[in-house]
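Student: Per the numbering used here, residue 1 is the first one in the sequence shown, and the count goes up by one each step.
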Amino acid sequence: MEGTVRQTWQRNPRTDICFVYTISSRYLKDVQEGKNPAVVQTMERVAAAYGVPSIHLGLAVAKQVKEGKLVFRGAPPAFSRDGVHPDVRSGHPFYLAAIVR
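1. Count the other CB atoms, across all protein chains shown, that sit within 10 Å of the CB of VAL39; report buried if there are 16 or more and exposed otherwise.
2. Among the residues of its own chain, which have a CB less than 6 Å from the CB of GLN64, if the five just before and after it don't count?
3. In terms of residue numbering, what span does the alpha helix (DSSP H) encompassing THR94 cover?
4. At the level of alpha carbons, what is the spacing between GLU44 and ARG26?
5. Using the Cβ count rule (16 or more neighbours within 10 Å means buried), how would you classify GLY68?
6. Can you give me the start and stop residues for the beta strand (DSSP E) that SER80 sits inside?
7. Straight-line CA distance for TYR50 to THR4?
8. Would GLU2 and VAL46 be called neighbours here (beta carbons separated by less than 9 Å)?
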């Protein structure tokens with residue numbers, strides 16, 4: 001990811017970059033326990049080194065699931081049908097609301 005940031009800014013220093021982290025069922029429990037997946041930890045080091053902002057959309061999902069306010073996997077209105085991709089009708093609006101907040 002560091003190479004991508006450097007190459008992007010080398011070609012156009014005015015390019016805005018933001019790292020966006022989502023969530024899958026594989027990492028749900030860890031995120032609920034306050035643990036970031038290794039890939040997020042690595043990307044956050046790059047973000048800090050280059051001043052790249054980031055948004056961890058999975059935090060809001062994990063919190064709502066833990067509080068019983070959101071069903072993570074299943075048929076809509078669950079967040080995701082397959083545990084990886086957010087549902088267009090329920091998951092995407094949830095991510096949008098998290099970004100707006």
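A virtual CB, placed ideally from N, CA and C, is assigned to each residue, including glycine.
Tutor: With the given structure in hand:
1. exposed
2. LEU70
3. The question names Thr, but residue 94 is Phe in the sequence shown. Per DSSP, PHE94 belongs to the alpha helix (DSSP H) from 91-100.
4. 20 Å
5. exposed
6. It is not in any beta strand (DSSP E) - SER80 carries neither H nor E in the DSSP assignment.
7. 12 Å
8. yes
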